[in-house]
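Residue 592 in the numbering used here is what sits at position 147 of the sequence shown, and the numbering runs on without skipping anything.
Heads up, the beta-carbon is just placed ideally off N, CA and C, and yes, glycines get one too.
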Amino acid sequence: MRAPLFPAPVPVPAREKAPSGLRPGRVCYGRGMAEPKSVPASLTEKTEIVLPQHANAIGTAFGGTVMSWIDVCAAVSAQRHCGRVAVTASVDALDFVAPLRVGDVVILRSWVNAAFRTSLEVECVVEKEDPETGRRVLCADAYLTFVNLGADGRPMPVPPLAPATDDERKRANAAERRRAARLEARREAEQDRGRGA
Ligand SMILES: CC(C)(COP(=O)(O)OP(=O)(O)OC[C@H]1O[C@@H](n2cnc3c(N)ncnc32)[C@H](O)[C@@H]1OP(=O)(O)O)[C@@H](O)C(=O)NCCC(=O)NCCS
């Protein structure tokens, strides 16, 4: 069972003031450890409408289209945290729990759950919004891992995350547990590939 979602849409905060006079959102590498970033600093919201070109023959959105929306939203969260482009390394199980139909207003929200060494976990939640009541219904959610790449294309350290609330700390702990499972699965997949499985 996943931890409860953020209770309500949170406005994207103004970018944090960079401590050393650098441009906001930039990380200073090479002068020691990067400054920790808050969870809200990575919060990203993206709104879409399901159009006919997004739909299959029964009028619901293609999973692949929703996946690309998720990847874009989550990539912006990763980029806000890292201060540079990060690439998608993997997407954990993506659960579509309710259909999105043509005409639906879709709201995606993502944020960083945990920063590791050169990678970070981003959670993305997809909801549809009832235009009359504004009520939102969960349609999908996913955990994505991004890797921060340096100019040489090699993984480079990510700024630490500074969870500030109980909810943020719970999410960070859960992300650590998922990472352990992910690394184990990666090891097994590499062994299987080595065996030609
Ligand atoms: C992701 C990528 C940069 C990892 O490169 P690598 O040489 O395997 O790097 P490493 O083994 O040093 O791992 C770097 C980090 O990525 C993490 N990682 C690598 N593959 C991962 C995977 N499949 N799932 C989760 N994390 C992964 C590692 O755990 C490590 O994290 P850490 O430093 O926080 O501990 C490389 O595989 C790549 O470029 N993939 C293509 C990415 C891309 O193009 N994505 C867009 C969609 S096609």
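Bounding residues of the alpha helix (DSSP H) (the contiguous stretch that carries L628): For L628, the enclosing alpha helix (DSSP H) covers residues 611 to 639.
Output the distance between the C-alpha atoms of Y588 and S513, rounded to the nearest integer angstrom. Between Y588 and S513, the C-alpha separation is close to 14 Å.
Compute the Euclidean distance between the alpha carbons of A479 and E635, then round it to the nearest angstrom. Take the alpha-carbon of A479 and the one of E635: they are about 32 Å apart.
Across which residues does DSSP place E480 in a beta bridge pair? Paired residues: none, contrary to the question.
Any chance the CB of V592 is under 7 Å from a heavy atom of ligand 3? Questions concerning ligand 3 fall outside what the structure shown contains, since the ligands it does hold are ligand 1.
Beta-carbon separation of S564 and V592 under 8 Å? Between S564 and V592, the C-beta spacing is below 8 Å.
Apart from the five residues on each side of it in sequence, which residues of its chain come closer than 7 Å, Cβ to Cβ, to E574? Taking C-beta separations shorter than 7 Å and ignoring five residues to either side along the sequence, the partners of E574 in its chain run V550, I552, R581, following chain order.
Cα separation between A502 and A609? Whole-angstrom Cα-Cα distance: 46 Å.
May I ask you to report which of helix, strand or coil DSSP gives R460? A caution first: R460 carries a pLDDT of 40, below 50, which makes its placement in the model too unreliable to give a value.
How about Q498: is its C-beta nearer than 8 Å to some C-beta of chain C? Looking for chain C here will not work: only one protein chain is present.
With DSSP as the reference, identify every bridge partner of D540, one or two as the case may be. Per DSSP, D586.
Going by beta-carbon coordinates alone, are P485 and A607 separated by less than 8 Å? For P485 and A607, no; Cβs fall outside 8 Å.
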